[in-house]
Amino acid sequence: MNRDKLLKRLLSDKDEVWDIIIIGGGATGLGAAVDAASRGFKTLLVEQYDISKGTSSRSTKLVHGGVRYLAQGDLSLVFEALHERGLLMQNAPHLVKNQQFIIPTYEWWEGPFYNIGMKVYDLMAGKLGLGPSEKISKEETLNAIPNLDPEGLLGGVIYYDGQFDDSRLAINLAQTAYENGAVLLNYVKAVGFTKDKEGILNGVNLVDVETGNAFHVKGKTFINAAGIFVGDIKNMDEGEKSNSVVLSRGIHIVLDKSFLQGNSAIMIPHTTDGRVLFAVPWHGKVILGTTDTEVDKPEIEPRASEEEIDFLLSNSARYLSKDPQRSDILSVFAGLRPLAISEGKAIPTKDISRKHQISISPSGLITITGGKWTIYRKMGEDLIDHAILVGGLEERESVTKNLPVHGYLKNTNHNDPLYYYGADKFQIEERILTKEKHLREPIHPHLPYIKAEIVWAVRNEMAITVEDFLARRIRALLLDAKASIEMAPVAAEIMAKELKKDNAWAQNQINEYIKLARGYLSGYDE
Ligand SMILES: Cc1cc2nc3c(=O)[nH]c(=O)nc-3n(C[C@H](O)[C@H](O)[C@H](O)COP(=O)(O)OP(=O)(O)OC[C@H]3O[C@@H](n4cnc5c(N)ncnc54)[C@H](O)[C@@H]3O)c2cc1C
309 MNRDKLLKRL
319 LSDKDEVWDI
329 IIIGGGATGL
339 GAAVDAASRG
349 FKTLLVEQYD
359 ISKGTSSRST
369 KLVHGGVRYL
379 AQGDLSLVFE
389 ALHERGLLMQ
399 NAPHLVKNQQ
409 FIIPTYEWWE
419 GPFYNIGMKV
429 YDLMAGKLGL
439 GPSEKISKEE
449 TLNAIPNLDP
459 EGLLGGVIYY
469 DGQFDDSRLA
479 INLAQTAYEN
489 GAVLLNYVKA
499 VGFTKDKEGI
509 LNGVNLVDVE
519 TGNAFHVKGK
529 TFINAAGIFV
539 GDIKNMDEGE
549 KSNSVVLSRG
559 IHIVLDKSFL
569 QGNSAIMIPH
579 TTDGRVLFAV
589 PWHGKVILGT
599 TDTEVDKPEI
609 EPRASEEEID
619 FLLSNSARYL
629 SKDPQRSDIL
639 SVFAGLRPLA
649 ISEGKAIPTK
659 DISRKHQISI
669 SPSGLITITG
679 GKWTIYRKMG
689 EDLIDHAILV
699 GGLEERESVT
709 KNLPVHGYLK
719 NTNHNDPLYY
729 YGADKFQIEE
739 RILTKEKHLR
749 EPIHPHLPYI
759 KAEIVWAVRN
769 EMAITVEDFL
779 ARRIRALLLD
789 AKASIEMAPV
799 AAEIMAKELK
809 KDNAWAQNQI
819 NEYIKLARGY
829 LSGYDE
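Residue 503 in our numbering sits at position 195 of the sequence shown, and the numbers go up by one each step.
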């Protein structure tokens, strides 16, 4: 998957008419691209930044039914998500793993109450369940999570959900779509539509953000999967500002693994603001999250506020025997949820349903809002079913339920340092490590990444900036922002060589990366 080649392919025939053009390279757009391409439609996807730079690299990394939605009575969402969780585990076993969660209980009624709730969760998952939930004693709870605060603890309830690496899945989905014939381009922005005499969309104006070159491509159907920016795309179509989503910020802090020993994750069903709090082991660190704060404007690099960071620190301190401090934070990352607007009702963002909604404008623009990473496949299938109707395309059934995702590797050993590449790990070993042995060297003593990953990301995963590599091809920015800053010069040097860029390019990349990563050290803008 090489950007230059794909761009050439796109520009080679100005009269080419694409069946489906997708705007947005997050979970939603990528799900649609995989579904469309695997049904045999001529598919183009454009992303204005990097693949998954938006909300889709900033999630809590759970492939879950959503215990919270169960409590809210949103049963159809839970049912759908549990089903999709099972399919994703089946189709991308290299990236999704079965994670044990424990709900610690402190009141007499919590044990039986959560036990019954989780049994319902198990039942709803049916054959695709990941393991039976069970009530456990105080001793068993502390054995599983040795540094849970024992004061007042009565016991716990175990249940199972999926955990994944969001931006790795995004890149593997892009590769899956590409292998099925789609053209996908990062750093290409949609800036306007063209319409025929009847006012029906027939093309889109694009800009290559790298060079500033503008071009036009023709299409039969157009999907607006722009996440928090869907309103801008609707505006390009309808010429007026439309209020399509409510934005809600969720933040996470990342801590050293010593704060959560053992392999289990903690789920706190009710924090001081009535939300769910997770503490989940991830790539050898611990992610704590999240919050739900309504914001009024979309931002590609949202920042956590001081209050949100304090909220996570104080709520987690109530459950952990070692209270995390500001100075313990390795990284702070924030994402914005593009929630579907609910019928003019003023309700808190935490209570807005995460269900996706699809709408079609008079000109034929198909817009999707809401949804979850977990259900990206079903969202993609629904979008392409709509596109077939809107564009009068040939009826073809979706095949993604049983379509392996690029990198598919059964029985992946999740303790292998390169496990998240799945089957590509063997290619990295064969094509790079056997020939260029010096690339086995670690990039930084605090993180497990090696130099070969930089080369691989440029050659095969369309990484064209230092940020693409450190933030999304590997997860250094989220795992340890300071270490990632120290990795930037090595990444820039190797990338410059691979991309045939000069020293000035490398220096500029380092400067840009440091500017960005500083925001992950403290969260809020200083
Ligand atoms: C804090 C938080 C935690 C979450 N945790 C989970 C979780 O654990 N599990 C789960 O299932 N879900 C979770 N979610 C939800 C999930 O992350 C989102 O539903 C999903 O990532 C949204 O994907 P998207 O593709 O719709 O949006 P995005 O990922 O934002 O993608 C939209 C893309 O469109 C691009 N774009 C916009 N305008 C243009 C243009 N003009 N031209 C080209 N491209 C354009 C943007 O640059 C962007 O990359 C979480 C969300 C948040 C905020």
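Cβ coordinates follow ideal geometry from the N, Cα and C atoms, glycine included.
Kindly examine ligand 1 and report whether one of its heavy atoms sits closer than 6 Å to the Cβ of residue i.
{"i": "T598", "result": "yes"}
{"i": "I331", "result": "yes"}
{"i": "Q356", "result": "yes"}
{"i": "A335", "result": "yes"}
{"i": "L370", "result": "yes"}
{"i": "T682", "result": "yes"}
{"i": "K497", "result": "yes"}
{"i": "K528", "result": "no"}
{"i": "G362", "result": "yes"}
{"i": "F288", "result": "Residue 288 lies beyond the range of the chain shown here (309 to 834); nothing can be said about it."}
{"i": "A534", "result": "yes"}
{"i": "R685", "result": "no"}
{"i": "S367", "result": "yes"}
{"i": "G643", "result": "yes"}
{"i": "G688", "result": "no"}
{"i": "G394", "result": "no"}
{"i": "G679", "result": "yes"}
{"i": "G373", "result": "no"}
May I ask which residues mark the beginning and end of the beta strand (DSSP E) holding residue i?
{"i": "G362", "result": "Segment: none, G362 is in no beta strand (DSSP E) and carries neither H nor E."}
{"i": "M544", "result": "That residue, M544, is in no beta strand (DSSP E); its alpha helix (DSSP H) goes 538-546."}
{"i": "G511", "result": "509-516"}
{"i": "I637", "result": "No beta strand (DSSP E) contains I637, which DSSP labels as neither H nor E."}
{"i": "R557", "result": "553-564"}
{"i": "T413", "result": "405-413"}
{"i": "V499", "result": "496-503"}
What's the gap between the Cα of residue i and the Cα of residue j?
{"i": "S830", "j": "V798", "result": "24 Å"}
{"i": "N480", "j": "D474", "result": "10 Å"}
{"i": "G464", "j": "G570", "result": "15 Å"}
{"i": "D618", "j": "S624", "result": "10 Å"}
{"i": "T413", "j": "A379", "result": "17 Å"}
{"i": "S365", "j": "K427", "result": "31 Å"}
{"i": "A825", "j": "V499", "result": "28 Å"}
{"i": "G332", "j": "K745", "result": "38 Å"}
{"i": "A400", "j": "I818", "result": "33 Å"}
{"i": "E834", "j": "S671", "result": "Note that E834 scores a pLDDT of 46, beneath 50, so its modelled location is shaky; the value from the coordinates is reported in the next line. Those two C-alpha atoms are separated by around 44 Å."}
{"i": "G348", "j": "G489", "result": "8 Å"}
{"i": "T363", "j": "F586", "result": "18 Å"}
{"i": "H754", "j": "I736", "result": "22 Å"}
{"i": "N310", "j": "E769", "result": "7 Å"}
{"i": "E388", "j": "V491", "result": "29 Å"}
{"i": "Y684", "j": "N710", "result": "14 Å"}
{"i": "L647", "j": "Q471", "result": "22 Å"}
{"i": "I595", "j": "D504", "result": "50 Å"}
{"i": "K443", "j": "I466", "result": "6 Å"}
{"i": "T484", "j": "L318", "result": "18 Å"}
Let me know the secondary structure DSSP gives residue i once reduced to three states.
{"i": "E834", "result": "Unreliable placement is indicated for E834, whose pLDDT of 46 sits below 50; no coordinate value is reported for it."}
{"i": "Y627", "result": "coil"}
{"i": "W609", "result": "In the sequence as displayed, the identity of residue 609 is Glu instead of Trp. Coil at E609, not helix or strand."}
{"i": "R783", "result": "coil"}
{"i": "M575", "result": "strand"}
{"i": "S346", "result": "helix"}
{"i": "D693", "result": "helix"}
{"i": "N532", "result": "strand"}
{"i": "T708", "result": "helix"}
{"i": "Q735", "result": "helix"}
Report yes or no: is there a C-beta of chain C within less than 7 Å of the C-beta of residue i?
{"i": "N494", "result": "Among the protein chains of the structure shown there is no chain C, as only one such chain exists."}
Determine the extent of the alpha helix (DSSP H) in which residue i is found, giving its start and end residues.
{"i": "K805", "result": "789-807"}
{"i": "Y422", "result": "418-433"}
{"i": "S475", "result": "474-487"}
In the DSSP assignment, what residue or residues form a beta bridge with residue i?
{"i": "L385", "result": "Note: L385 sits in no beta bridge, so no partner."}
{"i": "W590", "result": "K593"}
{"i": "Y523", "result": "For the record, residue 523 in the displayed sequence is Phe; it is not Tyr. Note: F523 sits in a beta bridge opposite L514."}
{"i": "A400", "result": "Bridge partners of A400: none, in fact."}
{"i": "G463", "result": "T413, S445"}
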